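**Q** Here it is, the structure, as structure tokens.
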Amino acid sequence: MNFEKELAKNGEETLKANNVYIYSKYAPKKDAERWIEQQVDIHAQSYILVGFGLGYHLEALQAKVGNKPIQVLSLFKEHEQFMHNMNSSNVMITSEGECLTIDEYVQILIPQVWLTIMSKDHPLYNIFANIKMKQTSYKRFASTMELNFHTNIQAQHYITLNEFRNNNTSSKKRAFLIASGPSLDERIDALKQQAHKAYVLCVGSALKVLLKHQIVPDAVIISDCQDTIYEQIRDTQYEGDLFFLCTANANTIKQHIGRRILLLQSGYRLAEQYAKNINEVLLETGGSVSTTAFSLLANLEFEEIYLFGLDLAIAEHTTHAQQSTSNRDVLQQEKLIYVEGNRQNKVPTLPNLFMYLQWFEWQANKSNMTVYNLCPLGAKIKGTQYVTLPNFEKLLSNGD
Amino acid sequence: METTIVETIEIYNEYIAKLPNGCLITANLLRDDQINVAMDNIANFAEGMQWLLHMTALLQQYEIHTRINPEQINEFLNEINEALTNEDYYLVADIFEYELAEFMKKLVPLKVDQ
Numbered sequence: 002m003n004f005e006k007e008l009a010k011n012g013e014e015t016l017k018a019n020n021v022y023i024y025s026k027y028a029p030k031k032d033a034e035r036w037i038e039q040q041v042d043i044h045a046q047s048y049i050l051v052g053f054g055l056g057y058h059l060e061a062l063q064a065k066v067g068n069k070p071i072q073v074l075s076l077f078k079e080h081e082q083f084m085h086n087m088n089s090s091n092v093m094i095t096s097e098g099e100c101l102t103i104d105e106y107v108q109i110l111i112p113q114v115w116l117t118i119m120s121k122d123h124p125l126y127n128i129f130a131n132i133k134m135k136q137t138s139y140k141r142f143a144s145t146m147e148l149n150f151h152t153n154i155q156a157q158h159y160i161t162l163n164e165f166r167n168n169n170t171s172s173k174k175r176a177f178l179i180a181s182g183p184s185l186d187e188r189i190d191a192l193k194q195q196a197h198k199a200y201v202l203c204v205g206s207a208l209k210v211l212l213k214h215q216i217v218p219d220a221v222i223i224s225d226c227q228d229t230i231y232e233q234i235r236d237t238q239y240e241g242d243l244f245f246l247c248t249a250n251a252n253t254i255k256q257h258i259g260r261r262i263l264l265l266q267s268g269y270r271l272a273e274q275y276a277k278n279i280n281e282v283l284l285e286t287g288g289s290v291s292t293t294a295f296s297l298l299a300n301l302e303f304e305e306i307y308l309f310g311l312d313l314a315i316a317e318h319t320t321h322a323q324q325s326t327s328n329r330d331v332l333q334q335e336k337l338i339y340v341e342g343n344r345q346n347k348v349p350t351l352p353n354l355f356m357y358l359q360w361f362e363w364q365a366n367k368s369n370m371t372v373y374n375l376c377p378l379g380a381k382i383k384g385t386q387y388v389t390l391p392n393f394e395k396l397l398s399n400g401d
Numbered sequence: 057m058e059t060t061i062v063e064t065i066e067i068y069n070e071y072i073a074k075l076p077n078g079c080l081i082t083a084n085l086l087r088d089d090q091i092n093v094a095m096d097n098i099a100n101f102a103e104g105m106q107w108l109l110h111m112t113a114l115l116q117q118y119e120i121h122t123r124i125n126p127e128q129i130n131e132f133l134n135e136i137n138e139a140l141t142n143e144d145y146y147l148v149a150d151i152f153e154y155e156l157a158e159f160m161k162k163l164v165p166l167k168v169d170q
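These protein sequences, in sequence, are chains A and B. Just remember that our numbering sits 1 ahead of the position in the first sequence, which is counted from 1. Just remember that our numbering sits 56 ahead of the position in the second sequence, which is counted from 1.
Written out as structure tokens, the structure is:
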């Protein structure tokens with residue numbers, strides 16, 4: 002890593018690493034202070050700060066949180082070069098990730114620039130990128146989520162997951178989880194033929210694809226807080242069950258003409274409080290509607306899950322099935338990660354999809370459910386069994 | 057025709073009034089690591105600059121001068137593009153906050169009676 006100190010326009014020192022500015026070239030300290038001000042959760046009990054640089058973020062953090070413990074991960078040992086007179090008993094600086102102590106009360110602070118200059122092969126890169134992605138997404142939507150939460154809960158137009166489970170008399174132990182990845186187009190005919198043999202749960206962005214092929218799912222699940230997801234159900238006249246996260250878009254939920262079932266997610270303070278008040282279960286969402294769907298099916302104690310359209314990869318530079326409301330072209334400058342494919346040796350994926358892939362692998366490995374993967378264009382999900390069409394039919398016949 | 061020119065001037069004046077604050081918003085998004093949202097803003101900004109240059113050329117035909125220097129706008133856009141290619145988001149933020157916002161504040165609204 003090539004570090005270069007420079008004089009900023011305001012006379013302070015600033016820093017570049019591999020020709021990328023770590024701080025502002027105009028007012029570096031003010032830049033670091035502003036970042037800390039915007040990012041820090043004052044209620045955390047301790048902090049991990051990724052990257053030392055010239056120590057500006059650390060100084061700002063110390064000024065803000067006082068004597069609370071701070072661990073700094075100096076990724077390139079730059080603190081040895083740039084640290085001056087740092088004598089604080091509450092600060093520990095290390096270059097070794099394994100020296101960090103992480104618990105549920107720590108806040109991890111990652112200035113984006115360190116992810117930009119880190120090598121993608123760095124052992125901590127994916128972990129930090131995942132954390133950063135989730136933090137950024139939450140920050141962007143925090144107020145919308147809260148508004149949706151209050152609107153949804155006050156509407157009282159739903160039943161809870163416990164109530165659903167108690168009233169649900171279906172004996173089916175097999176579920177089809179339909180996501181809207183490119184593989185769905187290849188498997189839609191097989192799905193249509195076999196849909197009656199399972200409980201069919203689809204994500205919102207796959208609903209119109211299914212309905213276009215006269216497949217009516219048992220339930221749809223939505224989790225997104227934005228108004229744009231209304232497009233997923235608009236004009237469908239779908240009357241089946243709608244599972245919704247408590248922070249999902251309130252207007253979309255209100256417009257649904259069928260039964261609504263409330264889901265409460267762990268890791269979201271308002272949901273956790275409400276769940277405690279009404280003695281309800283919490284679901285792990287995993288960050289996406291598909292991961293939430295998987296958690297839901299596990300909670301409903303299905304024994305077998307068949308995954309459709311859960312590619313977690315991109316095919317021919319598109320991200321979703323052709324008719325899906327979520328399909329978009331992949332821009333050339335998006336960072337691609339190559340992973341093992343089901344049918345192909347390597348398939349490209351995006352950072353957010355890679356994060357979900359890792360989540361599914363972790364969940365599949367610890368789950369009691371048998372998970373079958375019917376996504377030929379998709380990434381291999383360890384812990385699941387990739388199934389071709391002939392074997393799919395055999396499995397369903399054997400099960401019957 | 058006169059009505060059209062007047063309307064164009066009004067739209068132009070409305071747009072340039074919003075630019076300084078728009079630049080600061082983009083800078084703050086970048087500094088807050090909201091890169092995806094900032095990129096949408098930057099794309100809109102680039103389109104807006106093309107429109108601005110187009111308006112400048114059109115109005116010039118009617119002897120109405122905005123005093124916008126197209127070369128300077130293009131220089132800003134090139135700098136931003138280069139920084140984005142390097143994923144140097146703090147540099148892009150600096151350009152928006154300390155250079156573009158200041159530049160936009162100096163744009164003078166056109167008087168309708170011109």
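Ideal Cβ placement from N, Cα and C applies to all residues, glycine included. None of these values were measured; they are calculated from a predicted model.
Return the chain-ordered list of same chain residues with a C-beta closer than 7 Å to the C-beta of Lys173 of chain A, the five sequence neighbours on each side being excluded.
**A** Excluding sequence neighbours, Lys173 of chain A sits near Ala199, Tyr200.
**Q** Within 8 Å of any Cβ in chain A, is that where the Cβ of Gln128 of chain B sits?
**A** Answer no: the Cβ-Cβ gap between Gln128 of chain B and chain A never drops below 8 Å.
**Q** Within the chosen definition, does the stretch 59 to 77 of chain B reach the stretch 381 to 388 of chain A through at least 3 CB pairs nearer than 8 Å?
**A** With a cut-off of 8 Å, the stretch 381 to 388 of chain A and the stretch 59 to 77 of chain B do not count as touching, because too few Cβ pairs lie within range.
**Q** Relative to the C-alpha of Phe309 of chain A, which candidate in A:Thr229, A:Tyr387, A:Leu301 has its C-alpha closest?
**A** The shortest Cα separation from Phe309 of chain A among A:Thr229, A:Tyr387, A:Leu301 belongs to A:Tyr387.
**Q** Which partner residues of Arg175 of chain A appear in the DSSP bridge assignment?
**A** Paired residue(s): A:Glu305.
**Q** Along the stretch 23 to 41 of chain A, where does the CB come closer than 7 Å to a CB of chain B? Name the residues.
**A** The stretch 23 to 41 of chain A vs chain B, Cβ under 7 Å: Tyr24, Ser25, Lys26, Tyr27, Asp32, Arg35, Trp36, Gln39.
**Q** Against chain A, does Leu109 of chain B count as a neighbour if the rule is that its beta carbon must be under 8 Å from one of theirs?
**A** No, because no Cβ of chain A sits closer than 8 Å to the Cβ of Leu109 of chain B.
**Q** Quick check on Asn392 of chain A: does DSSP put it in helix, strand or coil?
**A** Asn392 of chain A falls in the helix class under three-state DSSP.
**Q** What is the DSSP secondary structure of Ser47 of chain A, counted as helix, strand or coil?
**A** Strand.
**Q** What's the call for Val340 of chain A, buried or exposed, on a 16-neighbour Cβ count within 10 Å?
**A** Under this definition Val340 of chain A is a buried residue.
**Q** When you compare only the Cα positions, how much space is there between Gln108 of chain A and Tyr48 of chain A?
**A** Whole-angstrom Cα-Cα distance: 5 Å.
**Q** Could you please give me the residues that DSSP links to Gly342 of chain A through a beta bridge?
**A** A:Ala380, per the DSSP bridge assignment.
**Q** Is Val340 of chain A close to chain B, meaning its C-beta is less than 8 Å from at least one C-beta of that chain?
**A** No, its Cβ sits nowhere closer than 8 Å to a Cβ of chain B.
**Q** How is Tyr239 of chain A classed by DSSP in three states: helix, strand or coil?
**A** Looking at Tyr239 of chain A - three-state DSSP - the assignment turns out to be coil, as it is neither helix nor strand.
**Q** Need the endpoints of the beta strand (DSSP E) that Ala220 of chain A sits in, please.
**A** 220 to 223 is the extent of the beta strand (DSSP E) around Ala220 of chain A.
**Q** Rounded to whole angstroms, what's the CA-CA distance from Tyr307 of chain A to Gln215 of chain A? Just pull it up for me.
**A** Approximately 19 Å, taken between the alpha carbons.
**Q** Does DSSP put Tyr357 of chain A in a helix, a strand or coil?
**A** In this structure, Tyr357 of chain A counts as helix in the three-state DSSP scheme.
**Q** Could you tell me if Tyr239 of chain A is buried or exposed, where buried requires 16 or more neighbouring beta carbons within 10 angstroms of its beta carbon?
**A** Counting Cβ neighbours within 10 Å, Tyr239 of chain A comes out buried, since at least 16 surround it.
**Q** Would you please state the rounded distance, in angstroms, between the beta carbons of Ala94 of chain B and Thr82 of chain B? I believe it to be under 8 Å.
**A** Ala94 of chain B to Thr82 of chain B, Cβ: 6 Å. Contact.
**Q** Quick one: which chain A residues come within Cβ less than 8 Å of Asp150 of chain B?
**A** Simply Tyr22, Ser25, Lys26, Tyr27.
**Q** Cutting at 8 Å between CB atoms, please list the residues of its own chain near Glu105 of chain A, excluding the five before and the five after it.
**A** For Glu105 of chain A, where only same-chain residues beyond five positions count, there are no Cβ hits under 8 Å.
**Q** Below 9 Å on C-beta distance, what does Thr117 of chain A contact in chain B?
**A** Simply Asn142, Glu143, Asp144, Tyr145.
**Q** Is it the case that the stretch 8 to 26 of chain A contacts the stretch 50 to 59 of chain A, given that we only count it when at least three CB pairs across the two stretches are under 8 Å?
**A** As far as the Cβ criterion goes, the stretch 50 to 59 of chain A touches the stretch 8 to 26 of chain A, which means the pair count is three or higher.
**Q** Let me check understanding here. Comparing Cα to Cα, which of A:Phe4, A:Leu264, A:Asn343 lies closest to Thr286 of chain A?
**A** For the residues A:Phe4, A:Leu264, A:Asn343, the minimum Cα distance to Thr286 of chain A belongs to A:Leu264.
**Q** Check Gln77 of chain A in the structure and name its three-state DSSP category.
**A** Gln is not the amino acid found at residue 77 of chain A; the sequence shown has Phe there. Phe77 of chain A falls in the coil class under three-state DSSP.
**Q** Assuming contact is defined by CB atoms lying nearer than 8 Å, are Glu153 of chain B and Leu75 of chain B in contact in what I supplied?
**A** Taking 8 Å as the Cβ cut-off, Glu153 of chain B and Leu75 of chain B do not qualify as a contacting pair.
**Q** With a threshold of 8 Å on Cβ separation, who are the neighbours of Thr350 of chain A within its own chain once the five nearest residues in sequence on each side are excluded?
**A** Around Thr350 of chain A: Leu313, Ala314, Ile315, Leu337, Ile338, Tyr339, Val340, Leu358, Ala380.
**Q** Closer than 7 Å, Cβ to Cβ, to anything on chain B: give me those residues from the stretch 133 to 166 of chain A, in chain order.
**A** Listed by position, the residues of the stretch 133 to 166 of chain A near chain B (Cβ gap below 7 Å) are Thr137, Arg141.
**Q** Show which residues of chain A have a CB atom less than 7 Å away from the CB atom of Ile91 of chain B.
**A** Within chain A, the residues near Ile91 of chain B are Gln113.
**Q** Quick one: does Leu88 of chain B have its CB under 8 Å from some CB of chain A?
**A** Before going on, a small fix: residue 88 of chain B reads as Asp here, not Leu. Yes, Asp88 of chain B counts as interfacial toward chain A.
**Q** Using a Cβ-Cβ cut-off of 8 Å, state whether Tyr154 of chain B counts as contacting chain A.
**A** At least one chain A Cβ lies under 8 Å of Tyr154 of chain B.
**Q** Mapping DSSP to helix, strand and coil, what is Gln334 of chain A?
**A** Unreliable positioning characterises Gln334 of chain A in this predicted model, as indicated by a pLDDT of 46, which lies under 50. A coordinate reading is not provided.
**Q** Who does Cys203 of chain A pair with in a DSSP beta bridge?
**A** According to DSSP, Cys203 of chain A bridges with A:Ile179, A:Val221.
**Q** Could you tell me how far apart the beta carbons of Val221 of chain A and Leu243 of chain A are, in whole angstroms, since I believe they sit closer than 8 Å?
**A** Going by Cβ atoms, the distance from Val221 of chain A to Leu243 of chain A rounds to 5 Å, so yes, they are a contact pair.
**Q** Need the endpoints of the beta strand (DSSP E) that Phe4 of chain A sits in, please.
**A** Unbroken beta strand (DSSP E) run through Phe4 of chain A: 4 to 8.
**Q** Could you tell me whether the stretch 86 to 103 of chain B touches the stretch 136 to 146 of chain A, using the rule of 3 or more Cβ pairs below 8 Å?
**A** Yes, the stretch 86 to 103 of chain B is in contact with the stretch 136 to 146 of chain A.
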